[in-house]
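Asks: I have a structure here, written as structure tokens, and I will follow up with some questions on it.
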Amino acid sequence: MTSVITTRTRRWGAWYVAEHRLRTMRTYAGTIVATTLGTPILYLFAFGVGLATLVTGNVGPGGTSYLQFVAPALLATAAVTVGAEEYLLGILMGFKWNPIFTGMNSTPLTARQIIDGTAIFIIIRMAIVVVVYYVVMLAFGAVPSPWGLTMIPIGILTGLAFSPLAAFSATIYEDKGQFPVMQRVVVLPLTLFSGTVFPLTQLPIYLQWIGWLSPLWHGSELGRQASYGPTEPLWLTIVHVVYLLVFALGGWALTVHIATKRLNK
Amino acid sequence: MPAPVITATALTKKYKEFTAVDGISFEVAPGESFGLLGPNGAGKSTTMRMVGAVSTRTSGDLSILGFDPDEFGPEIRSQLGVVPQADNLDTELRVRDNLLVYGRYFGLSRAVIAKRADELLDFAQLADRAKAKVDDLSGGMKRRLTIARALINDPRILLLDEPTTGLDPQARHILWDRLFRLKEQGTTLVLTTHYMDEAEQLCDRLVVVDKGQIMAEGAPAALIREHSSREVLEVRFGSERNAEAAEKVEGIGRLELLPDRILIYSEDGDGALAEVVRRGLTPITSLVRRSSLEDVFLRLTGRTLIE
Chain A
1 MTSVITTRTR
11 RWGAWYVAEH
21 RLRTMRTYAG
31 TIVATTLGTP
41 ILYLFAFGVG
51 LATLVTGNVG
61 PGGTSYLQFV
71 APALLATAAV
81 TVGAEEYLLG
91 ILMGFKWNPI
101 FTGMNSTPLT
111 ARQIIDGTAI
121 FIIIRMAIVV
131 VVYYVVMLAF
141 GAVPSPWGLT
151 MIPIGILTGL
161 AFSPLAAFSA
171 TIYEDKGQFP
181 VMQRVVVLPL
191 TLFSGTVFPL
201 TQLPIYLQWI
211 GWLSPLWHGS
221 ELGRQASYGP
231 TEPLWLTIVH
241 VVYLLVFALG
251 GWALTVHIAT
261 KRLNK
Chain B
1 MPAPVITATA
11 LTKKYKEFTA
21 VDGISFEVAP
31 GESFGLLGPN
41 GAGKSTTMRM
51 VGAVSTRTSG
61 DLSILGFDPD
71 EFGPEIRSQL
81 GVVPQADNLD
91 TELRVRDNLL
101 VYGRYFGLSR
111 AVIAKRADEL
121 LDFAQLADRA
131 KAKVDDLSGG
141 MKRRLTIARA
151 LINDPRILLL
161 DEPTTGLDPQ
171 ARHILWDRLF
181 RLKEQGTTLV
191 LTTHYMDEAE
201 QLCDRLVVVD
211 KGQIMAEGAP
221 AALIREHSSR
231 EVLEVRFGSE
241 RNAEAAEKVE
251 GIGRLELLPD
261 RILIYSEDGD
271 GALAEVVRRG
281 LTPITSLVRR
291 SSLEDVFLRL
301 TGRTLIE
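Here it is, written out as structure tokens:
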């Protein structure tokens, strides 16, 4: 009975899920375009042009400007912001507020495909944001090296490294304000202490560990290597890549596991 | 008789200590309209999820269209239409778009889906609401849209979990009419309900379920014949006096004493009422009606105070 139909869904199911989510996104197209374009321009002006006038210290190897230093981290942060929004709100929405996942679950789709499709959609959303960021950065003269182009996949990888948030969201049955707590206790400290707007080494050593744990620090440093590096030993660059991959894949595997159990009541 | 499309044997589902479905067995023939009738918490929805190949059984055997859902979930689901108890339409999409995205999950081409979506919107009497937001639809319209969505893959079996719960009478009748048409077209329907009238209207055959077990099985009329009398006399004496009155009407027929009224089962309801009056009782209200599945359920589940 393995009909053509089932075969197609087996192969393309995750893409159908992504297609559904993209169709939904059209509803918010206006807002998304405005924030995607507006955010990098605002941030780069504020930090790279405004704050930079106060920053005279040496932030990178000879001649690296503060704008160039801060830009890769801003790009990675943008991907993380979009990712975190989808991991937390998007996932819980699909299970609870607008339970499209249970609807999908009644079709030939598997739980794994539902989560994979959501991942594809999130990657597409992050890619749009990161590409726009990159173009704006170029316009600001914030990317010295042609290798800076690899900040696009690096940014997406950094966003994906926050996928354990999706696993967390998939475990929530009752909304008791977990997200604001998550934002304040996890996301905000990680953003502040991840060496995004100042080098991590400026912090006292007893606070630097926050940065070492944070995928955002690894992503920002990786982006800097691409944009104006190298500024660190090669082994550390490899650690960044491995660390991000472990978080991205681990978080996703965990989400698939939890979603499979949740949908099979 | 053609091979059944659903065969459940000693089907069981346990959640830790709690047994939601406790060894039920039934078969559904192609083209049949089969119902699971029972109160909330009887295990109907759990059974439906197992039949829908989205919930793994704890034990027993289950075959849907000849396949074991443990191994062939996607294959089975590709031939089912599912109308869940709680609407799960995508409220961020418009009416017609809901059908379009859903059709894709069955691997159908966009052209086929577009054609079917228009036909189904006609069938669901929603053609003029194609571009409306889902949240702007009434409860009955959402239900009809969910049914239209469930039909997008031209399913061999349509599963409906409490299809009319929460709808007003008019919306229920519109929905019943649509389901009747599907039945006439030969679609196999499996539905759960706790509405006795719905079960009588829509089901060729049903099982009465309580506490995860099957209490009785048969056609609605046969179940009524078997477990109840032809007519029922309902008399009310006021909640304070019902119990006292019940003692005096002993022997006229089988009695059910409910908090608000007494039911007297008799082949001749008017005759029973005459006998009540002859015994010197004056009920506040009296009603003679035909026996229904409600009476069967009352009898079978023993929710009675005086037998």
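Chain order of the listed sequences is A and B. Take the first sequence: its letter number 173 is residue 173 in UniProt numbering, and every next letter is one higher. Take the second sequence: its letter number 33 is residue 33 in UniProt numbering, and every next letter is one higher. Backbone N, C-alpha and C fix where the C-beta goes; we use that ideal spot for every residue, glycine too.
Look at the Cβ atom of residue 266 of chain B, then the Cβ atom of residue 284 of chain B, and state whether they are nearer than 9 Å.
Replies: No, these two residues do not count as a Cβ contact at 9 Å.
Asks: From residue 23 of chain A to residue 246 of chain A, what distance separates their C-alpha atoms?
Replies: Rounded to the nearest angstrom, the two C-alpha atoms are 31 Å apart.
Asks: When we look at the beta-carbon of residue 233 of chain A and count the other beta-carbons within 10 Å, is it buried (16 or more) or exposed?
Replies: The residue is exposed, with fewer than 16 neighbouring Cβ atoms inside 10 Å.
Asks: Would you mind giving the Cβ-Cβ distance between residue 21 of chain B and residue 106 of chain A, rounded to the nearest angstrom? I have them listed as a contact below 8 Å.
Replies: Rounded, the Cβ-Cβ distance is 19 Å, inconsistent with contact.
Asks: Within the chosen definition, does the segment 135–145 of chain A reach the segment 203–221 of chain A through at least 3 CB pairs nearer than 8 Å?
Replies: No contact exists between the segment 135–145 of chain A and the segment 203–221 of chain A.
Asks: Contact criterion: CB-CB distance below 9 Å. Does residue 17 of chain A meet it with respect to chain B?
Replies: At least one chain B Cβ lies under 9 Å of residue 17 of chain A.
Asks: Buried or exposed: where does residue 44 of chain B fall if 16 or more other Cβ atoms within 10 Å of its Cβ makes it buried?
Replies: That one is buried.
Asks: Around the C-beta of residue 298 of chain B, are 16 or more other C-beta atoms found within 10 angstroms, so that it is buried, or is it exposed?
Replies: Result: buried.
Asks: Taking the alpha-carbon of residue 18 of chain B as reference, which of B:126, B:198, B:211 has the nearest alpha-carbon?
Replies: Of the listed residues, the one whose Cα sits closest to residue 18 of chain B is B:211.
Asks: Using the DSSP secondary-structure output, state which residues sit across from residue 179 of chain A in a beta bridge.
Replies: The partner list for residue 179 of chain A (beta bridge, DSSP) is empty, contrary to what the question assumes.
Asks: Alpha carbon to alpha carbon, what distance is there between residue 219 of chain B and residue 287 of chain B?
Replies: For residue 287 of chain B and residue 219 of chain B, the distance between alpha carbons rounds to 26 Å.
Asks: May I ask you to report which of helix, strand or coil DSSP gives residue 320 of chain B?
Replies: This structure gives no information on residue 320 of chain B, because the portion of chain B shown stretches from 1 to 307.
Asks: Short of 7 Å Cβ to Cβ, which residues in the segment 24–51 of chain B face chain A?
Replies: Taking 7 Å as the Cβ-Cβ cut-off against chain A, the residues of the segment 24–51 of chain B that qualify are 49.
Asks: According to the Cβ coordinates, are residue 19 of chain A and residue 104 of chain B closer than 9 Å?
Replies: Yes.
Asks: Output, in chain order, the set of chain B residues within a Cβ distance shorter than 8 Å of residue 263 of chain A.
Replies: 54, listed in chain order.
Asks: Against chain A, does residue 100 of chain B count as a neighbour if the rule is that its beta carbon must be under 9 Å from one of theirs?
Replies: Closer than 9 Å: yes.
Asks: Are the beta-carbon atoms of residue 34 of chain B and residue 214 of chain B separated by less than 9 Å?
Replies: Taking 9 Å as the Cβ cut-off, residue 34 of chain B and residue 214 of chain B do not qualify as a contacting pair.
Asks: Checking 9 Å against the spacing of the C-beta atoms, do residue 222 of chain B and residue 281 of chain B come in under that value?
Replies: No; because the gap between Cβ atoms is not below 9 Å, this pair is not in contact.
Asks: Going along the segment 118–145 of chain B in order, which residues come within less than 9 Å of chain A, judged by CB to CB distance?
Replies: For the segment 118–145 of chain B, which is checked against every Cβ of chain A, not one residue is closer than 9 Å.
Asks: Suppose you measure from the CA of residue 82 of chain A to the CA of residue 131 of chain A; what does that come to, to the nearest Å?
Replies: When rounded, the distance between both Cα atoms is 13 Å.
Asks: Can you tell me the Cβ-Cβ gap for residue 200 of chain B and residue 293 of chain B, rounded? I've got them flagged as a contact below 8 Å.
Replies: At roughly 6 Å, the Cβ-Cβ gap stays under 8 Å, so residue 200 of chain B and residue 293 of chain B are in contact.
Asks: Kindly say whether residue 218 of chain A, judged by its beta-carbon, lies nearer than 9 Å to any beta-carbon of chain B.
Replies: For residue 218 of chain A, the answer is no, since every Cβ of chain B falls outside 9 Å of its Cβ.
Asks: Hey, residue 163 of chain A and residue 195 of chain A: beta-carbon distance below 9 Å or not?
Replies: No.
Asks: Unbroken alpha helix (DSSP H) runs of length 4 or more, entirely within the segment 156–215 of chain A: which are they?
Replies: For the segment 156–215 of chain A, whole alpha helix (DSSP H) runs of length 4 or above, ordered along the chain, are 164–170, 178–182, 188–192, 205–213.
Asks: What separation, rounded to the nearest whole angstrom, lies between the Cα atoms of residue 87 of chain A and residue 115 of chain A?
Replies: Looking at the two C-alpha atoms, the distance is approximately 11 Å.
Asks: Is residue 227 of chain A helix, strand or coil by DSSP?
Replies: Of the three classes helix, strand and coil, the one that applies to residue 227 of chain A here is helix, per DSSP.
Asks: Got a sec? Which residues, its chain only, sit under 7 Å from residue 32 of chain B by beta carbon, not counting five neighbours each side?
Replies: Correct list, in chain order: 188, 204, 205.
Asks: Got a sec: is the Cβ-Cβ distance from residue 104 of chain A to anything in chain B below 9 Å?
Replies: Yes, because at least one Cβ of chain B sits closer than 9 Å to the Cβ of residue 104 of chain A.
Asks: Suppose contacts are defined by Cβ-Cβ distances below 9 Å. Is residue 3 of chain B in contact with residue 60 of chain B by that definition?
Replies: It is not a contact, given that the beta carbons lie outside the stated cut-off.
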